[in-house]
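A.B. asks:
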Amino acid sequence: MNGFAAGTLVHTNKGLIPIEKINVGDMVLSKPENVERELVYQPVTKTFISDKREVWALFHQNCDAIDWRKDLKVVFVTGGHPIWVQEYEGSNAVDPVQVNGWMRPDELFEQSAVAIAKVSASGQFVEMYAQPVLATPYKDIGYLVSSWDHMPEFVIESKENKVQAYDVEHIFDRQGRELTIDESNSVNKILTGHESLDVVQRFMTCFEQNKHGGFYDRYKTRAYNFNVANYYTYFVEERGIWVHQ
Numbered sequence: 006m007n008g009f010a011a012g013t014l015v016h017t018n019k020g021l022i023p024i025e026k027i028n029v030g031d032m033v034l035s036k037p038e039n040v041e042r043e044l045v046y047q048p049v050t051k052t053f054i055s056d057k058r059e060v061w062a063l064f065h066q067n068c069d070a071i072d073w074r075k076d077l078k079v080v081f082v083t084g085g086h087p088i089w090v091q092e093y094e095g096s097n098a099v100d101p102v103q104v105n106g107w108m109r110p111d112e113l114f115e116q117s118a119v120a121i122a123k124v125s126a127s128g129q130f131v132e133m134y135a136q137p138v139l140a141t142p143y144k145d146i147g148y149l150v151s152s153w154d155h156m157p158e159f160v161i162e163s164k165e166n167k168v169q170a171y172d173v174e175h176i177f178d179r180q181g182r183e184l185t186i187d188e189s190n191s192v193n194k195i196l197t198g199h200e201s202l203d204v205v206q207r208f209m210t211c212f213e214q215n216k217h218g219g220f221y222d223r224y225k226t227r228a229y230n231f232n233v234a235n236y237y238t239y240f241v242e243e244r245g246i247w248v249h250q
């Protein structure tokens, strides 16, 4: 079953609600797959919970962002969940490919690959790319690696009905500069600071002892999804990324 990790925000007629709190009968923002049709609220007809699902980190940011690091946000989703994409450019492409259809997050995993889509909440265009979350010996901790050198970039923690990312790229600074855990910027679901010290130290101990899962072992967590009447689509996160049920 496809779906999103706990904490993913869903657009409803009562505002943004975490996906794990969506119930049958709730009215969620939707529209038919014809992109020219208007947005309407449709009722949820059934909810689903699936344990031990491999999840991907779907990063998204405004195309015109001045400071991409501060604008970068992430949502955790299974690799097969359909995301609306208007344009896609892989690392070997000369020109972007017009998609205007659904793509899976695991289809966006390629060095320098980027997907572009217009989001509902603001009408702005966003860039999206995806990375698999990798496993560690700890059930509550995963991590992401840089697509360039496969060094750790984010530590992922699953607890208290949410999945959280901690930026650790600065710890593996390419220039060899000594940095502290507090130095990088905090963005949506990507945190730094004292609250991250325990999970980061646990990961670092594991990584230094070479007990991390390795590049091919995938992190698993609980995923949530639901059916929507009539149109079968809904919108997630503040930006309003359009997804299929």
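Okay, so the sequence shown: first residue is 6 according to this note's numbering, each after it adds one.
Virtual Cβ for every residue (Gly too), placed ideally from N, Cα, C.
#1: Quick check on the burial criterion: 16 or more other C-beta atoms within 10 angstroms. Buried or exposed for G245?
#2: Relative to the alpha-carbon of Y224, which residue among D172, V79 and L149 has its alpha-carbon at the smallest distance?
#3: Whole angstroms are fine: how far does the CA of V82 sit from the CA of T226?
#4: What runs of the beta strand (DSSP E), each 3 residues or longer, lie entirely inside the stretch 137-181?
#5: Can you tell me where the beta strand (DSSP E) holding V104 begins and where it ends?
#6: Buried or exposed for P157, please, with buried defined as at least 16 other CB atoms from any protein chain shown within 10 angstroms of its CB.
#7: Would you give the residue range spanned by the beta strand (DSSP E) that M32 belongs to?
#8: Comparing alpha-carbon positions, which option in A135, K26, T52 and D76 lies nearest N166?
#9: For the beta strand (DSSP E) holding A122, just list the boundary residues, first then last.
#10: My output table needs one value for R227: the three-state DSSP class, helix, strand or coil.
#11: Tell me the rounded alpha-carbon separation between V168 and V102.
#12: Excluding the 5 residues preceding and the 5 following H199 in the sequence, name in chain order all residues of the same chain whose CB lies nearer than 6 Å to its CB.
#13: Provide the residue span of the beta strand (DSSP E) that contains V248, from first to last.
#14: Between which two residues does the beta strand (DSSP E) carrying N67 extend?
#15: Taking the alpha carbon of G12 as the reference point, which residue from P23, A234 and M6 has its own alpha carbon closest?
#16: Please state the DSSP three-state secondary structure of K26.
#17: From the DSSP output, in three-state form, read off Q214 for me.
#18: Quick one: what does DSSP say K75 is sitting in, helix, strand or coil?
#19: Report, in whole angstroms, the separation of the C-beta atoms of N7 and N230, which I expect to be a contact under 8 Å.
#20: Looking at the structure shown, is M6 part of a helix, part of a strand, or coil, going by DSSP?
#21: Looking at F212 and M133, is the spacing between their C-beta atoms short of 8 Å?
#22: Alpha carbon to alpha carbon, what distance is there between V119 and Q250?
#23: With a 10 Å radius around its C-beta and 16 neighbouring C-beta atoms as the bar for buried, classify D154 as buried or exposed.
#24: Report the CB separation of Q47 from Y236 in whole angstroms; it is logged as a contact under 8 Å.
C.D. replies: Based on what the coordinates show:
#1: For the purposes of this step, residue 245 is identified with residue 240 of the sequence shown, where counting begins at 1. Under this definition G245 is a buried residue.
#2: To locate residue 224, count along the sequence shown from 1; it is residue 219. The residue with the shortest Cα to Cα distance from Y224 is L149.
#3: For the purposes of this step, residue 226 is taken as residue 221 along the sequence shown, with counting starting at 1. For the purposes of this step, residue 82 is taken as residue 77 along the sequence shown, with counting starting at 1. About 10 Å.
#4: 146-150, 157-164 and 167-172
#5: As a first step, residue 104 must be located in the sequence shown, where it is residue number 99. Segment V102 to M108, the beta strand (DSSP E) holding V104.
#6: Residue numbering aside, residue 157 sits at position 152 when the sequence shown is read from its first letter. Label assigned to P157: buried.
#7: The sequence position of residue 32 within the sequence shown is 27, counting from 1. Per DSSP, M32 belongs to the beta strand (DSSP E) from M32 to S35.
#8: Numbered from its first residue, the sequence shown carries residue 166 at position 161. N166 has its Cα closest to that of K26, out of A135, K26, T52 and D76.
#9: Working through the sequence shown from its first residue, we reach residue 122 at position 117. V119 to K123 is the extent of the beta strand (DSSP E) around A122.
#10: Against the sequence shown, residue 227 aligns to sequence position 222. Of the three classes helix, strand and coil, the one that applies to R227 here is strand, per DSSP.
#11: Here the question's residue 168 lines up with position 163 in the sequence shown. Here the question's residue 102 lines up with position 97 in the sequence shown. Going by the C-alpha atoms only, they are around 32 Å apart.
#12: The residue you call residue 199 lines up with position 194 of the sequence shown. Note that H199 scores 39 on pLDDT, short of 50, meaning its location in the model is unreliable; the coordinates nonetheless yield the value given after this. Here the set comprises nothing.
#13: Counting from one through the sequence shown, the residue named residue 248 turns up at place 243. Per DSSP, V248 belongs to the beta strand (DSSP E) from I246 to H249.
#14: In the sequence shown, counting from the first residue as 1, residue 67 sits at position 62. Note, N67: beta strand (DSSP E), V45 to N67.
#15: Position 7 of the sequence shown, counted from the first residue, corresponds to residue 12. Closest option to G12, Cα to Cα, is P23.
#16: If you number the sequence shown from 1, residue 26 lands on position 21. Residue state, collapsed to three classes: helix.
#17: Position 209 of the sequence shown, counted from the first residue, corresponds to residue 214. Correct three-state label for Q214: coil.
#18: As a first step, residue 75 is located in the sequence shown; it is residue number 70 there, counting from the start. Here K75 sits in helix by DSSP.
#19: The residue labelled residue 7 in the question sits at position 2 within the sequence shown. The residue labelled residue 230 in the question sits at position 225 within the sequence shown. Correct: roughly 6 Å between the Cβ atoms.
#20: Taking the sequence shown and counting its residues from 1, one reaches residue 6 at position 1. The answer is coil: DSSP assigns M6 none of H, G, I, E or B.
#21: For the purposes of this step, residue 133 is taken as residue 128 along the sequence shown, with counting starting at 1. For the purposes of this step, residue 212 is taken as residue 207 along the sequence shown, with counting starting at 1. No.
#22: Within the sequence shown, residue 250 is the residue found at index 245, counting from 1. Within the sequence shown, residue 119 is the residue found at index 114, counting from 1. Near 22 Å, if we compare the C-alpha coordinates of V119 and Q250.
#23: Numbered from its first residue, the sequence shown carries residue 154 at position 149. Label assigned to D154: exposed.
#24: In the sequence shown, the residue the question calls residue 47 occupies position 42. In the sequence shown, the residue the question calls residue 236 occupies position 231. With 8 Å as the limit, Q47 and Y236 qualify as a contact, their Cβ atoms being about 6 Å apart.
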